[in-house]
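Student:
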Amino acid sequence: MGKPTKVTNAIRTLRFTHNEMTQAELADRIGVTRQTIIAIEQGRYSPSLEMAFQIARAFGVPLDDVFQYPEDAGQTA
Amino acid sequence: MSFEEKVAWAYPIVLLITAGIYAAHVFGQLPEVPVTEIAYVRPMIMALVITVVAMVIAAILAAMSAPSEADKKDERDVNINRHGDAVAGNVLGVATLLPLGLTMAEFDYFWIANSIYLACIVSGVVSSIVKIVAYRRGF
Numbered sequence: 004m005g006k007p008t009k010v011t012n013a014i015r016t017l018r019f020t021h022n023e024m025t026q027a028e029l030a031d032r033i034g035v036t037r038q039t040i041i042a043i044e045q046g047r048y049s050p051s052l053e054m055a056f057q058i059a060r061a062f063g064v065p066l067d068d069v070f071q072y073p074e075d076a077g078q079t080a
Numbered sequence: 013m014s015f016e017e018k019v020a021w022a023y024p025i026v027l028l029i030t031a032g033i034y035a036a037h038v039f040g041q042l043p044e045v046p047v048t049e050i051a052y053v054r055p056m057i058m059a060l061v062i063t064v065v066a067m068v069i070a071a072i073l074a075a076m077s078a079p080s081e082a083d084k085k086d087e088r089d090v091n092i093n094r095h096g097d098a099v100a101g102n103v104l105g106v107a108t109l110l111p112l113g114l115t116m117a118e119f120d121y122f123w124i125a126n127s128i129y130l131a132c133i134v135s136g137v138v139s140s141i142v143k144i145v146a147y148r149r150g151f
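Chains as they are written, first to last, in my numbering: chain A, 4 to 80; chain B, 13 to 151.
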């Protein structure tokens, strides 16, 4: 089984550039479990649009800076 | 491991233990006692009640192991629960064909009741396995 989502993210990098924010701190800020943050970071869970915006807001950056969708993702031959 | 995942692990373990003890007690009588005389109703009710009580205890233990996470349930937990329950619903739908067939073939109540119990156990175990896989491998 491959990764369940093609959406990639820069959460890990953003956490480190924001005073080395821990996964637990980010989880507390957006009201989810630490395991959910871990799953999102590792590409094992694709968050809802609302949670994605909450994560972006926690870092004070646009959504595109947190989540990326590769050019060839979702295309059919 | 989140509280919800711990509960997902506990459920099939509890189900299989209680169902295993029930099956050993009731089906162990088959070689010696005619089916119509096997007292299965009380053991089955006891197995169901013990399952519920054991799950409550398991949930309490899971909460005690990490009190700060005990009341936390987010959208991922909800989605995984929904996914597991949807698959379990399909399994239950197919599994109920067995008691339906047994009823149509006019089998004894013993077999019909136990096949319904089996369908519930299979559905419950599948539900938990789907949830555990979703938690571990992604969803």
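Note that the Cβ used here is the ideal one computed from N, Cα and C, for glycine as well.
Could you tell me whether the Cβ atoms of Ala61 (chain A) and Arg32 (chain A) are closer together than 9 Å?
Tutor: For this step, residue 61 (chain A) is matched to residue 58 along the first sequence. For this step, residue 32 (chain A) is matched to residue 29 along the first sequence. In contact: Ala61 (chain A) and Arg32 (chain A) (Cβ atoms closer than 9 Å).
Student: Taking the alpha carbon of Ala55 (chain A) as the point to measure from, which residue in A:Gly34, A:Pro73, A:Asp75 has its own alpha carbon closest?
Tutor: Here residue 55 (chain A) refers to the residue found at position 52 of the first sequence. Comparing Cα-Cα distances from Ala55 (chain A) to each of A:Gly34, A:Pro73, A:Asp75, the minimum goes to A:Gly34.
Student: Rounded to the nearest angstrom, how far is the Cβ of Ala66 (chain B) from that of Thr30 (chain B), given a contact under 8 Å?
Tutor: Numbered from its first residue, the second sequence carries residue 66 (chain B) at position 54. Numbered from its first residue, the second sequence carries residue 30 (chain B) at position 18. Indeed, because the Cβ distance is near 7 Å, the residues count as touching under 8 Å.
Student: May I have a chain-ordered list of the alpha helix (DSSP H) segments no shorter than 4 residues that lie completely inside the segment 99 to 142 of chain B?
Tutor: List check, alpha helix (DSSP H) in window: 109 to 116.
Student: Determine the contact status of Val103 (chain B) and Ser139 (chain B), defining contact as a CB-CB distance below 9 Å.
Tutor: Translated into positions along the second sequence, residue 103 (chain B) becomes position 91. Translated into positions along the second sequence, residue 139 (chain B) becomes position 127. Their beta carbons are under 9 Å apart, which means Val103 (chain B) touches Ser139 (chain B) by this criterion.
Student: Which residue marks the beginning of the alpha helix (DSSP H) containing Glu81 (chain B), and which one marks its end?
Tutor: Along the second sequence, read from residue 1 onward, the residue named residue 81 (chain B) stands at position 69. Here Glu81 (chain B) belongs to no alpha helix (DSSP H), and DSSP marks it neither H nor E.
Student: Against Ser14 (chain B), what residues of chain A qualify as contacts under a CB-to-CB distance less than 7 Å, listed in chain order?
Tutor: Within the second sequence, the letter at position 2 stands for residue 14 (chain B). The contacting residues are Thr36, Gln38.
Student: CA-CA distance, Leu73 (chain B) and Thr63 (chain B)?
Tutor: Position 61 of the second sequence, counting from 1, holds the residue named residue 73 (chain B). Position 51 of the second sequence, counting from 1, holds the residue named residue 63 (chain B). In a straight line, the C-alpha of Leu73 (chain B) is about 15 Å away from that of Thr63 (chain B).
Student: Of all the options B:Ile25, B:Val38, B:Ala22, which has the alpha carbon lying nearest to the alpha carbon of Phe122 (chain B)?
Tutor: The count along the second sequence starts at 1 and reaches residue 122 (chain B) at position 110. Nearest C-alpha to Phe122 (chain B): B:Val38.
Student: Taking 9 Å as the threshold (beta carbon to beta carbon), is Pro73 (chain A) in contact with chain B?
Tutor: For the purposes of this step, residue 73 (chain A) is identified with residue 70 of the first sequence, where counting begins at 1. Output row for Pro73 (chain A): interface = no.
Student: Mind checking whether Ala100 (chain B) and Val142 (chain B) have CB atoms under 9 Å apart?
Tutor: Along the second sequence, one-based indexing puts residue 100 (chain B) at 88. Along the second sequence, one-based indexing puts residue 142 (chain B) at 130. Yes, they are a contact pair.
Student: What distance in whole Å lies between the Cβ atoms of Ala98 (chain B) and Ser135 (chain B), which are believed to be in contact at a cut-off of 8 Å?
Tutor: In the second sequence, counting from the first residue as 1, residue 135 (chain B) sits at position 123. In the second sequence, counting from the first residue as 1, residue 98 (chain B) sits at position 86. Between Ala98 (chain B) and Ser135 (chain B) the Cβ distance is about 11 Å, and since that is not below 8 Å, they are no contact.
Student: Just the Cα atoms here: how many angstroms apart are Pro24 (chain B) and Arg54 (chain B)?
Tutor: Numbered from 1 along the second sequence, position 12 holds the residue referred to as residue 24 (chain B). Numbered from 1 along the second sequence, position 42 holds the residue referred to as residue 54 (chain B). Straight-line Cα distance between these residues: approximately 22 Å.
Student: Should Thr11 (chain A) and Tyr72 (chain A) be called a contact, given that it needs their Cβ atoms to be closer than 9 Å?
Tutor: Position 8 of the first sequence holds residue 11 (chain A). Position 69 of the first sequence holds residue 72 (chain A). Taking 9 Å as the Cβ cut-off, Thr11 (chain A) and Tyr72 (chain A) qualify as a contacting pair.
Student: State the DSSP-derived secondary structure class of Ala80 (chain A), mapped to helix, strand or coil.
Tutor: The count along the first sequence starts at 1 and reaches residue 80 (chain A) at position 77. With a pLDDT of 46 at Ala80 (chain A), under the threshold of 50, the predicted position of this residue should be treated as unreliable, and no value is reported.
Student: Can you tell me the Cα-Cα spacing of Ile40 (chain A) and Glu74 (chain A), whole angstroms?
Tutor: Locating residue 40 (chain A) in the first sequence gives position 37, where the first residue counts as 1. Locating residue 74 (chain A) in the first sequence gives position 71, where the first residue counts as 1. About 25 Å.
Student: Can you list, in chain order, the residues of its chain whose CB lies under 7 Å from that of Gln57 (chain A), leaving out five sequence neighbours each side?
Tutor: Counting from 1 along the first sequence, the entry for residue 57 (chain A) is found at position 54. Hits under 7 Å: Ile33.
Student: Measure the alpha-carbon distance for Glu44 (chain B) versus Trp21 (chain B) and round it to whole angstroms.
Tutor: Mapped onto the second sequence, residue 44 (chain B) falls at position 32. Mapped onto the second sequence, residue 21 (chain B) falls at position 9. The straight-line gap from Cα to Cα measures roughly 37 Å.
Student: With His21 (chain A) as the anchor, note down where its alpha helix (DSSP H) starts and where it stops.
Tutor: Residue mapping note: residue 21 (chain A) aligns to position 18 of the first sequence, counting from 1. Here His21 (chain A) belongs to no alpha helix (DSSP H), and DSSP marks it neither H nor E.
Student: Quick check: is the beta carbon of Met54 (chain A) nearer than 9 Å to any beta carbon in chain B?
Tutor: Counting from 1 along the first sequence, the entry for residue 54 (chain A) is found at position 51. Yes - at least one Cβ of chain B is within 9 Å of the one on Met54 (chain A).
Student: Take Thr36 (chain A) and list the residues in its own chain whose beta-carbon comes closer than 8 Å to its own, dropping the five residues that flank it on each side.
Tutor: Your numbering for residue 36 (chain A) matches position 33 in the first sequence. Once the five neighbours on either side are set aside, the close Cβ partners of Thr36 (chain A) are Ala30.
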